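Asker: Chains as they are written, first to last, in this note's numbering: chain A, 530 to 754; chain U, 530 to 754; chain D, 530 to 754; chain W, 530 to 754.
4 protein chains.
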Amino acid sequence: MGGTTGTTGTAEAGDGAPVRRRQARGQKRIEEILHAAAEVFGEQGYDATTTNAIAARAGVSPGSLYQFFGNKDEVARALAERYAARLETLRAELGTVGDPGDGQDLEELAADVLGPLVAFNLAHPGFKALFARTDMPAGLRDAVAPVQAAIHGRVAELVGRLLPGRPDGEVARVATVSIQLVRGMIPLVTGADDGREREAMIAELHTVVVSYLRRQADLAGERPV
Amino acid sequence: MGGTTGTTGTAEAGDGAPVRRRQARGQKRIEEILHAAAEVFGEQGYDATTTNAIAARAGVSPGSLYQFFGNKDEVARALAERYAARLETLRAELGTVGDPGDGQDLEELAADVLGPLVAFNLAHPGFKALFARTDMPAGLRDAVAPVQAAIHGRVAELVGRLLPGRPDGEVARVATVSIQLVRGMIPLVTGADDGREREAMIAELHTVVVSYLRRQADLAGERPV
Amino acid sequence: MGGTTGTTGTAEAGDGAPVRRRQARGQKRIEEILHAAAEVFGEQGYDATTTNAIAARAGVSPGSLYQFFGNKDEVARALAERYAARLETLRAELGTVGDPGDGQDLEELAADVLGPLVAFNLAHPGFKALFARTDMPAGLRDAVAPVQAAIHGRVAELVGRLLPGRPDGEVARVATVSIQLVRGMIPLVTGADDGREREAMIAELHTVVVSYLRRQADLAGERPV
Amino acid sequence: MGGTTGTTGTAEAGDGAPVRRRQARGQKRIEEILHAAAEVFGEQGYDATTTNAIAARAGVSPGSLYQFFGNKDEVARALAERYAARLETLRAELGTVGDPGDGQDLEELAADVLGPLVAFNLAHPGFKALFARTDMPAGLRDAVAPVQAAIHGRVAELVGRLLPGRPDGEVARVATVSIQLVRGMIPLVTGADDGREREAMIAELHTVVVSYLRRQADLAGERPV
DNA sequence: CATGAATGAGGGTTCATTCAT
DNA sequence: GATGAATGAACCCTCATTCAT
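1) Is any beta-carbon of chain U found at less than 8 Å from that of P666/A?
2) What span of residues does the alpha helix (DSSP H) with S707/D cover, start to end?
3) Does L669/W come out as helix, strand or coil in the three-state DSSP assignment?
4) From H564/D to E561/W, what distance separates their C-alpha atoms?
5) How is N600/D classed by DSSP in three states: helix, strand or coil?
6) What do you get for R702/U, buried or exposed, if any count of 16 or more other CB atoms within 10 angstroms of its CB means buried?
7) Between the Cα of V737/A and the Cα atoms of T579/A, D747/A, Q709/A, R690/A, which residue gives the shortest distance?
8) Alpha carbons only, please: which of F660/W, G644/W, N600/W is nearest the one belonging to Y612/W?
9) Mapping the DSSP letters down to three states, classify G588/W as helix, strand or coil.
10) Does the Cβ-Cβ distance between R744/W and S740/D come in under 8 Å?
11) For P629/D, which of helix, strand or coil comes out of DSSP?
12) Measure the C-alpha to C-alpha separation of P696/D and P716/W and round it to an integer number of angstroms.
13) Quick one: list the residues of chain A neighbouring L608/U, beta-carbon separation under 7 Å, in chain order.
14) How should K557/U be labelled, buried or exposed, when 16 other C-beta atoms within 10 angstroms of its C-beta is the threshold for buried?
15) Can we say the segment 662–669 of chain D touches the segment 566–577 of chain W, given the rule of at least three CB pairs closer than 8 Å?
16) Select from the segment 563–577 of chain W all residues with a C-beta closer than 8 Å to any C-beta belonging to chain D, and list them in chain order.
17) How would you label G655/U, buried or exposed, when you count the other beta carbons within 10 angstroms and need 16 or more for buried?
18) Report the residues of the segment 707–741 of chain W with a CB closer than 7 Å to any CB of chain D, ordered along the chain.
19) Measuring alpha carbon to alpha carbon, tell me which of S590/A, E617/A, V589/A, T579/A ends up nearest R605/A.
20) Report the rounded CA-to-CA distance for D644/W versus L594/U, giving the unit in angstroms.
21) On the DSSP letters alone, give me the boundaries of the alpha helix (DSSP H) that L659/A sits inside.
22) Determine the burial state of L742/U: buried for a count of at least 16 other Cβ atoms within 10 Å of its Cβ, exposed for fewer.
23) Going by DSSP in three states, A577/D sits in which element: helix, strand or coil?
24) Distance check for R554/W and L734/W, CA to CA, integer angstroms please.
25) For D723/D, name the three-state secondary structure that DSSP assigns.
26) Please list, in chain order, the residues of the segment 640–674 of chain U that have any C-beta partner in chain A closer than 9 Å.
27) Thinking just about the alpha-carbon of each residue, which of A587/W, D747/W, D641/W is nearest to the one in L619/W?
28) Which word fits I731/W, buried or exposed, when buried means at least 16 other C-beta atoms lie within 10 angstroms of its C-beta?
29) Out of curiosity, what's the CA-to-CA distance linking D722/D and L651/A?
30) Of all the options R662/A, T719/A, T663/A, N581/A, which has the alpha carbon lying nearest to the alpha carbon of F649/A?
31) Between which residues of its own chain and A609/D is the CB-CB distance below 7 Å, once the five residues before and five after are set aside?
32) What is the DSSP secondary structure of T663/A, reduced to helix, strand or coil?
33) Hey, is R702/A's beta-carbon within less than 8 Å of any beta-carbon in chain U?
34) Can G694/U and A749/U be called in contact, C-beta distance under 8 Å?
35) Assign E622/A to buried or exposed, taking buried as 16 or more other Cβ atoms, counted over all protein chains shown, within 10 Å of its Cβ.
36) Do F598/U and A607/U have their C-beta atoms within less than 8 Å of each other?
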């Protein structure tokens, strides 16, 4: 996706600038709507959120929302993709997460991944409304599925390095479980009333993930595939 | 009345039998409605489930449903209580779960508790629609809150025995986390496509819970409060 | 209906007594239902009153209510007739209301009629729900129409004596107006918060009716038809 | 709108015109809905009127109605306020109604007030459905209460001039009774089948009100407070 | 593209009425 | 006759979505 601007423009000759401006304005609108959606999803949950509420929060008319998004689920999908992109940016900024090997490294790895992830969740209250639900309505499931898959790919990569030699299926499963653990714990973190309880829950999250993965690593050692 | 059993028992009044039969019918209806609700909740999720859908599935008119339940939330509440009662029965049938001490016992304890719990979830598809959601709409939250509290109490009891000497707050937290771990993992189990994957997920669930709790027990040993 | 039991019974030979007892029981049920209906109509108004509420208040099942009354309107009709009968009894007990002639008599006549009428309304809170409404839903209108007609006949009789020589149409109109005046004023009487205000409103009612009828009598004198 | 009448006014923003036009459309819709409501209220009565019926009569969807009115009661309230405003306009157009003193003036005063009032009722069939009911369901009562109070204030003002020196409480009562007399008589006027009967009823209404108020004025003279 | 009024199917709920027991 | 659970049409209201301006 780098800088390949290639042939994307269907703009007519001579008026590239207005088109771009219009596109830019459209992009701004989209941004505003998604921002509003994140807020309302975070406050009310996905099902209870109405498209009109999103539009109102964005200071935009309902019709405008439907100019950019075909329906409610597409708003969710776009927001999910937005989150995915930011997570990707996050990951990129972290640089190369160390080649995990022993327990010590595991702790660090977990800290490196979970820390920003928790921060991300706290910074983006709408995130968990889309991702942290364990049972999803059909529309939402379809909307976030691709993003889920991308996240799963990333995590599987890390887990694969942690458990070298394990069959892909098992790696995938461990990745799935790891994600689910985080997903399940996040509400306990974001829902904590005071900072002390929140810190404690964050520590529990680390404990859960680390002890699970360490056990997996140990098992890998025990039964040399 | 008296001894007038002569005729077929179409007695007008004074006999408890018709009342009992009618109550029995009402109870049966309630059962049918809750059964249908469990199904539909399980299939569609709580929000997407309509009271008319529940009634239709139960082979009953909407008005009939409202004869027994004041509104949708009350159906959920009643179902939650039903589940709580069955869980309690389950627990009672298990007898006294052993006094946990070392790691070996912990494995057994986990197996004793998680095994039936998983079986219960598989047998009752509606259960997770009420309990496994991490973010709940207000109505549902209120409906299941008492039952959640009861479950938490049970688990805290077990955890307390596992981590003697720990302050109540920490025990409560470990219990909360443990429940949440199960809650988060259950969809992976029930959602598994084939039996092999399901078995694997059940194993992961055990691993997750045991490694977490063992780590907690070790910590308890390390830092003698 | 004195003692004319003549040939009313379709009872089969030999079991007249049970039938009568059953009829008596039915009559008692009817009485209870109408009593309950009067109460609930008085408290909630006609439209807001549900047949189930009436049945419940009567300590009877909805089905039982429909055993005696084909629908809600018929309950109203029966109640209206009951009220009419009691009003008739009232009138009969009053004996012959004096031959009205001059103003003095008019005052007395009004007092004789209005006093018991007000008392009746205060004693029967359901009465005004059926009669004091100035605009009625179709069902209720049909239900009370015959009784209204009967009342109108009685009043027209009195007015006719008060305004001798007036054409029937005018007498009927004065009767209609008189009834409407009472009908309109009754809520002010029954709705009065304290006794003092109520007494004042009763006085106003007298003033209204008397001044209207006296004016009519005067007019009768002025323009000798 | 400034002077920019050039193009057809499809300006994107900054111009008040589209907004105004849209508001005008909204106002028109409100008007249509209230007009329809008045009709249906007039035909069916308040309780029997459904919001869908109002919407249909207005040639509008149910959702549209709820865009302007939060619920059925608010429609009634808005209609009541509309009526109040028109009555006020009516009163203003009448100019200063003469300082009433003797009987002659009273006749004129009554004619000045009652004439337009009757005309208003005949022109607005929904009016009596909201105001002429003597017993109201809770929702309607709340909806029209403020308007009732305003009307009462106006009438009390007139009555106060008619009965100088009377305590406020008595003036208020006479006003209440006067209003109630009109309220009770209006259905006889609007419900009249033919014009002749209607005229006669209007005459009766005058007679009723005038004879009542004259009697009150006489009483005031008799017992000089 | 923006607007926001308009749509209308559908949701939860009520209640007059029926009917199996 | 008595019962009360059962019925289901209809009500009020919501909200995802459309469309004239």
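Virtual Cβ for every residue (Gly too), placed ideally from N, Cα, C. No experiment lies behind these values; they were computed from the predicted model shown.
Answerer: This is what the structure holds:
1) The residue labelled residue 666/A in the question sits at position 137 within the first sequence. So yes, P666/A belongs to the interface.
2) If you number the third sequence from 1, residue 707/D lands on position 178. Start and end: 697–719.
3) On the fourth sequence, position 140 is the one that residue 669/W refers to. Correct three-state label for L669/W: helix.
4) Start at 1 with the first residue of the third sequence, and residue 564/D comes out as number 35. Start at 1 with the first residue of the fourth sequence, and residue 561/W comes out as number 32. In a straight line, the C-alpha of H564/D is about 44 Å away from that of E561/W.
5) On the third sequence, position 71 is the one that residue 600/D refers to. Coil at N600/D, not helix or strand.
6) For the purposes of this step, residue 702/U is taken as the residue at position 173 of the second sequence. Result: buried.
7) Counted from its first residue, the first sequence places residue 737/A at position 208. Nearest C-alpha to V737/A: Q709/A.
8) Locating residue 612/W in the fourth sequence gives position 83, where the first residue counts as 1. Here the closest residue by C-alpha is F660/W.
9) What you label residue 588/W is simply residue 59 of the fourth sequence in a count that begins at 1. It is coil, neither helix nor strand.
10) Here residue 744/W is taken as the residue at index 215 of the fourth sequence, counted from 1. Here residue 740/D is taken as the residue at index 211 of the third sequence, counted from 1. Yes, the pair counts as a contact, with Cβ atoms nearer than the cut-off.
11) As a working note, residue 629/D is residue 100 in the third sequence. In this predicted model, P629/D has a pLDDT of only 49, less than 50, meaning its place in the structure is not dependable enough to derive any value.
12) Taking the third sequence and counting its residues from 1, the one referred to as residue 696/D is at position 167. Taking the fourth sequence and counting its residues from 1, the one referred to as residue 716/W is at position 187. Distance between the alpha carbons of P696/D and P716/W is about 23 Å.
13) Along the second sequence, read from residue 1 onward, the residue named residue 608/U stands at position 79. None at all; the shortest Cβ gap to chain A is about 15 Å.
14) In the second sequence, residue 557/U corresponds to position 28, counting from 1. Exposed: under 16 other Cβ atoms inside 10 Å.
15) Result yes; three or more Cβ-Cβ pairs closer than 8 Å.
16) Cβ contacts with chain D: Q573, G574, D576, A577.
17) In the second sequence, the residue the question calls residue 655/U occupies position 126. By the neighbour-count rule (16 or more Cβ atoms within 10 Å), G655/U is buried.
18) Q709, L710, R712, G713, M714, P716, L717, A729, E733, T736, V737, S740, Y741
19) Indexing the first sequence from 1 puts residue 605/A at position 76. It is Ala, not Arg, that sits at residue 605/A in the sequence shown. Selected option, being the one with the closest Cα: T579/A.
20) In the fourth sequence, residue 644/W corresponds to position 115, counting from 1. In the second sequence, residue 594/U corresponds to position 65, counting from 1. Sequence inspection shows Gly at residue 644/W; the Asp mentioned does not correspond to that position. The alpha-carbon atoms of G644/W and L594/U are separated by roughly 56 Å.
21) Mapped onto the first sequence, residue 659/A falls at position 130. Counting along the chain, the alpha helix (DSSP H) containing L659/A begins and ends at 654–660.
22) Start at 1 with the first residue of the second sequence, and residue 742/U comes out as number 213. Counting of Cβ neighbours within 10 angstroms places L742/U among the buried residues, the total reaching 16 or more.
23) Sequence index remark: in the third sequence, residue 577/D carries index 48 (1-based). Reduced to three states, the DSSP call for A577/D is coil.
24) For the purposes of this step, residue 734/W is taken as the residue at position 205 of the fourth sequence. For the purposes of this step, residue 554/W is taken as the residue at position 25 of the fourth sequence. Going by the C-alpha atoms only, they are around 41 Å apart.
25) If you number the third sequence from 1, residue 723/D lands on position 194. Note: D723/D maps to coil in three-state DSSP.
26) Within the segment 640–674 of chain U, the residues whose Cβ lies closer than 9 Å to some Cβ of chain A are K657, A658, A661, R662, T663, D664, M665, P666, A667, listed in chain order.
27) What you label residue 619/W is simply residue 90 of the fourth sequence in a count that begins at 1. Comparing Cα-Cα distances from L619/W to each of A587/W, D747/W, D641/W, the minimum goes to D641/W.
28) Here residue 731/W refers to the residue found at position 202 of the fourth sequence. Burial of I731/W is indicated by the presence of at least 16 other C-beta atoms within 10 angstroms of its C-beta.
29) For this step, residue 722/D is matched to residue 193 along the third sequence. For this step, residue 651/A is matched to residue 122 along the first sequence. Taking the straight line joining both Cα atoms gives about 59 Å.
30) As a position in the first sequence, residue 649/A is number 120, starting the count at 1. Closest option to F649/A, Cα to Cα, is T719/A.
31) Position 80 of the third sequence, counted from the first residue, corresponds to residue 609/D. Around A609/D: L659, A672, V673, V676.
32) By 1-based counting over the first sequence, the position of residue 663/A is 134. Coil.
33) Position 173 of the first sequence holds residue 702/A. Taking Cβ atoms only, chain U reaches closer than 8 Å to R702/A, which makes this a yes.
34) As a first step, residue 694/U is located in the second sequence; it is residue number 165 there, counting from the start. As a first step, residue 749/U is located in the second sequence; it is residue number 220 there, counting from the start. Result yes, Cβ atoms of G694/U and A749/U sit closer than 8 Å.
35) Counting from 1 along the first sequence, the entry for residue 622/A is found at position 93. Answer is exposed; the Cβ neighbour count stays below 16.
36) For this step, residue 598/U is matched to residue 69 along the second sequence. For this step, residue 607/U is matched to residue 78 along the second sequence. Yes; because the gap between Cβ atoms is below 8 Å, this pair is in contact.
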